[in-house]
Amino acid sequence: MFHISQFILLGYCYGQILYLENFVGDDFIDSQGWFVSGENKQISYCGLTKLFGGYKAFGIDAKITKLIQLPPHYAVKIEFELWKIDYWNLDDYYFLYLDQKLVIQSNFQSISTSQIMCGAPFAGPNWKEKKQAISINEYHNQETIVILMTTNIDEPSDIKSWGIRDFRLYIFKCPSGCITCIQSDSRTECIYWIMINNSLSRDDNSQLKIEGWIINYGFKQQSTCLSIPILGGYNLVGRNSIIMKQIDLPVHSLVKIKYRFIFIDQWNSEYAQLYIDNQLMWNYVHTSMNKDTNLCGDQLYGETFLNHEITIKHINPQIEIKFTSTLLNEYSISSFGIRDFQLFISCQFGYSFDQSCGSQCGNGYKEGFEQCDDGNIYPFDGCFNCQYQCVQGCSNCIDGICIECQIGWIFNIIQFQCEPLCGDNIITQIEECDNYLDSSNLQQYGCNQCKFSCQQQCKDCQFGKCYDCHSGWILDIDQCVYSENQTSESNKDYQYQCQFGYQYINYQCEPVCGDGILIPDEICELHLQYQNQECYNCLYLCSSNCEICIQGICHQCQYGYQLDISNQLCLEICGNGIVTKNEECDDFNNQNSDGCSNNCLIESNQICKNFDYSFTECSYEKYPSFKLSLIKTYYQFQYVSIHFDQQLQYYKSNQYSQKIIINLLNVEQGLFNLNLIPIQEPFSTISDVKYEIEIQINTIQTTPPLLEIILEDQLYNQNGAPLLNLKNSIKLNPPEYIDDHTKQTATLLQNIAKYTIISMASSGIITFCFCSSSLLSETIQTLQQQSYHRFINVIFPLNLFIFFESTNLISLDFILDKIQFKSYLFYLIQEDYIESYQKFQFYQINSNILSNIQTQIFLILILMFTYYSSIFIINFLQKLNQSKYFYFGFSFAIFLIKTQKSLLKYKKQIQNKGFQEFLNTNSWDMLFMAFLQIQKQTQNIFTNLISYLIFYLILLFSSNIFNKTGRSFKKSWISRNQNILLIKKTFFIGILVLFQHNQQIQTILLTFVCQFYLIYLFIFKPFENKYHCINTFALEIASFIFCFSSFIYWNEFYAKINYNILIIFAWFQIGILLSVLFINFVLQLIIICFDIQKIVQKKFAKQSSKNTHSNLFYKV
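Under our numbering, the letters of the sequence shown match residues 18 to 1133, in that order.
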């Protein structure tokens, strides 16, 4: 019935981080850094719950504040629990200010919402306690934030009081490396800012330093404004005062300045000003308001904190900052102060490898955030990328000084350097080779002093390969060959060709180990794979992970492995504290449930960190998991949500949706379509990941399909914990599908219903023109009552759902959209979209009464316009002399007289029963919108009052049923028909809205309401005429049958009955509903025919009377 505008929420790009917790649990014993004014007591109990504040603690004039220093961020989120204690009036409010900006204004009405837990001992029924969860998000990027909480209650804390607990402050951090940002900044848009000056930001007045600031024409000192340190302040800085500072700057092109300006006491449209290099850059007009919360200074006016940020082009090596004002009053009347001053410049040069700025790495000078600068960009020399780095071979260093070496290196205690240990069979980065044989045999194996060696005649030897020979020798296939006479014919053109797998070395063909070619002279080859074995020098096979293998016998295993001498195997040792290749962890024990299992596998909900020279350390971290939820069913369409119980991140750059595999089981291929809809893809930063899947099943089957989801890649939470499950499934509802023929038939009946409704409306207007408004009212109520049947919370078959689409015509939204009435009304009524639930959510009904009441406002305006227009026309005609009616002829005079009579009759009807008729005709819609608003229980007092007012007026009008009359018992109940009908509507709509969560109770109660009203109709027969009787009985009997028979669609029966049977039963219900429309339409046609007949007969009677008078005159 109502059209809905959709509201899209914009999520943050970076995840929230819990920064501060106060008053959580019951172990707090003081204010935890909060400043309390107006009260002495700070801690109390409400029942068993411990509060900051509370009964006999926070009452009249109580204020609590806290100044919190924050890391770089662009938004904050505040959550806490607010407690109201004892009786609060309707005009008692709680206020929350962030930097003196009012963000929460909450009214606790003194209604019975909870139980008496604490407070005044004489508490009455309206003195119960109430707690409310508060959550607020605000954009904010200042270095500090001022939080102020207070109320306007006017009683001491033993009569009215309040308190808080579970206070949490979350921040949304700037992109990595950024020291200032706004909500829309990416990393590249904020990384280039470097802070040059940061002053006046301390949260302790004793630590707030002047730091080069000068105050001219004022008092150069700091003060506090309700515990908040500021420079200047009340009765210190005001008229003609200047707060200034000069700052030297490096080379730059842009300057960003952030500050907080404090307006104190009375400002009368006077300006706060900022001059930069004697140029006016900020000129802000301010007027103090009495409603502002007083923090310091005079009690008549409040204080205002204004955060501001300005970015300008600037290239001068020095900048001058001046804060001043145009105040005219004395310091004791008007003052100001500043704090939280920050100055940033943009980088001209000096970008380091991580794209941050502030210094030029590699210039040999230590600048900005550099730890060191050795004038080069080479690694492993103690300083790399202007950060301390361990020298080559060092495993542990402090500020570039090595204190422990890696395996294969030896520590030189004199030079604090690591030197490679030659002969330990470990090849370090500066060694070319390292053999386990003793030094006497090293050279013959081609490795001398851990360098590959060549023959002595080689002049240029690189890694055992000769590239040039000494004089008298020639290079032949990497070897130096002696040549006594280079021109001797006997020594010319020697050609040597070896077999495949051999090379010519030292005048003979020898096998080459490592070329990947296995020949008879080799036992194995280095680059070939052997099960559980490794090849050593192509001569021996030893166990995998063997470190020293001599002639096929392993003498020593690699670090972390144990040698099984009998089987010649290197075995992993779980529990020795050393993580090997096939182990995930090793915590130096063989116990389970400590993070690392007895099989050296990481246990669930554990994050383990492996160290090079120590055992694994594990800590508890709840693993995230993904879940599936069936969120909506729309006949052959079903929608499943893929959601995660934690915020996640994806370490790869490709789209994660490509890693999701969707399978639909128990349905034949080709009879379904699957569509993955990304709601929020994961990125490299933490975010709320969510997907939806649209499933279309084009067949009928009794077995519920099974949807299977497989994730082919991992996601991780902010602490690196992986997903607990990569596979999940959910059982879908049995598909509801009708073939094209059935769908066409349902659409045909829908069109018939639409044309019937249009015809009923047209004929109703015609009958209204014949001064018979009762049938038009009955027609409207018939259409309204039928339209609300679709909200019964059961799943109707598709043919019945298609038929109910015809009821969309019963709405004035099309007319209102055409004349743009809602757009004009939007400027007066700012309505929000409030999501409904259950069946109303399926039809996208807006629960906000401000949106739904617009049609009623339009009808009231039309009614008022016609009423006052009729009064105007009546007054105009009455002022005319009736003799003037005949200036335009006799017929026109008769028309004016009839018009005047009709308007007088209409005016009288409006005055006598106008409000009652409007309430009766629109009661369905008004009750519906009122119950929707009441059910949602929003914090908007205005909308709640409207809904309660509508409900009260209807109950007030219905209460006339209890008034005594002088008539007989039966006549008395007949006269109260409209009141009883209104009560019936109230119960019907109330049950329809309030019992959406229980379809059985809803259907039974609706059936009882229809039954009781039918009994009333059968006993008392409160009908105006036979047409009214037929129309009413047809409508109520059809409504009773429809509500009663809807039990077949309960979930318990729906899944067990064949869907084709349900479709056939739905045809029966469609026939019942359609018959009511036909009966009403036929009755209207009959009444129109009778009215036309009466008019014709009356006209013929007048004509015959005229003829009779004329004949008599002729005879005389």
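We put the CB at the ideal spot given by N, CA and C, even for glycine.
Query, Result
"Comparing alpha-carbon positions, which option in L99, I164 and I46 lies nearest L37?", "I164"
"Given that a residue counts as buried once 16 or more other Cβ atoms are within 10 Å of its Cβ, and exposed if not, what is I350?", "buried"
"Can you grab the Cα-Cα spacing for the pair Q359 / L115, in whole Å?", "20 Å"
"Are I1135 and P88 closer than 9 Å when you measure CB to CB?", "Look at the range of the chain in this structure, 18 to 1133, and you will see that residue 1135 is not part of it."
"From H325, C207, W284 and N615, pick the residue whose C-alpha is nearest to that of L1138; which is it?", "The question about residue 1138 has no answer, for the chain in this structure spans 18 to 1133."
"Does the count of Cβ pairs from the region 272-284 and the region 244-256 closer than 8 Å reach three?", "yes"
"For F69 versus F45, is the C-beta spacing smaller than 9 Å?", "yes"
"Ignore the nearest five residues each way along the sequence and tell me which others in Q474's own chain have a CB closer than 6 Å to its CB.", "C486, H487, W490 and C497"
"Note down the Cα distance separating S244 from Q86, rounded to an integer number of angstroms.", "14 Å"
"Quick check: the region 616-628 against the region 715-727, are at least 3 beta-carbon pairs closer than 8 Å?", "no"
"When you compare only the Cα positions, how much space is there between A79 and Y854?", "40 Å"
"Suppose the cutoff is 6 Å on Cβ atoms and the five residues either side in sequence are ignored; what does the same chain contact list for E634 look like?", "K626"
"Give the C-beta separation of Q1101 and S1062 to the nearest angstrom, bearing in mind that I take them to be a contact with Cβ-Cβ under 8 Å.", "Contact doesn't hold; Cβ gap of about 28 Å is too wide."
"So, using beta-carbon positions, are N816 and T762 closer together than 9 Å?", "yes"
"Using the Cβ count rule (16 or more neighbours within 10 Å means buried), how would you classify I362?", "buried"
"Per DSSP, which residues does C635 bridge with? Please list them.", "C625"
"For G229 and K262, which I take to be in contact (beta-carbon distance under 8 Å), what is that distance rounded to the nearest angstrom?", "5 Å"
"Taking Cβ to Cβ, would you say I726 is nearer than 9 Å to N745?", "yes"
"Tell me the residue span of the alpha helix (DSSP H) that contains V254.", "First-last for V254: undefined, no H or E at that position."
"Return the CA-CA distance between G50 and K101, expressed in angstroms with no decimal places.", "23 Å"
"So what does DSSP say about F818, is it helix, strand or coil?", "helix"
"For Y453 and D629, I'd like the C-alpha separation in whole angstroms.", "Summary for Y453: the model assigns pLDDT 49, below 50, so the residue's position carries little reliability; its value from the coordinates is reported in the next sentence. One C-alpha to the other measures close to 24 Å."
"The alpha helix (DSSP H) that contains G1007, what's its start and end?", "N994 to L1011"
"Should the region 1018-1025 be called in touch with the region 1061-1081, which here means at least 3 C-beta pairs below 8 Å?", "yes"
"Quick one: grab the DSSP three-state call for F361.", "strand"
"Just to confirm, is the Cβ distance from I866 to L949 under 9 Å?", "yes"
"Could you compute how far the alpha carbon of I1008 sits from the alpha carbon of L645?", "32 Å"
"For Q461, is the classification buried or exposed, using 16 other Cβ atoms within 10 angstroms of its Cβ as the cut-off for buried?", "Because Q461 sits at a pLDDT of 37, beneath the cut-off of 50, its placement in the model cannot be relied upon, and the point is left open."
"Do G594 and F632 have their C-beta atoms within less than 9 Å of each other?", "yes"
"Nearest-angstrom Cα distance between K299 and I259?", "In the sequence under discussion, the amino acid at residue 299 is Trp, which differs from the Lys named in the question. Roughly 14 Å between the two C-alpha positions."
"Just the Cα atoms here: how many angstroms apart are S22 and E620?", "Residue confidence for S22 is low, a pLDDT of 32 falling below 50, so the modelled location carries little weight and cannot support an answer."
"In three-state terms, what does DSSP make of T720?", "coil"
"Within a Cβ cutoff of 6 Å, which residues of the same chain sit near E326, ignoring the five residues on either side of it in sequence?", "K275"
"Contact check, S674 vs P695 under 8 Å by CB: the rounded distance?", "5 Å"
"Could you check what DSSP says for E589 in three-state terms: helix, strand or coil?", "strand"
"In three-state terms, what does DSSP make of Y923?", "helix"
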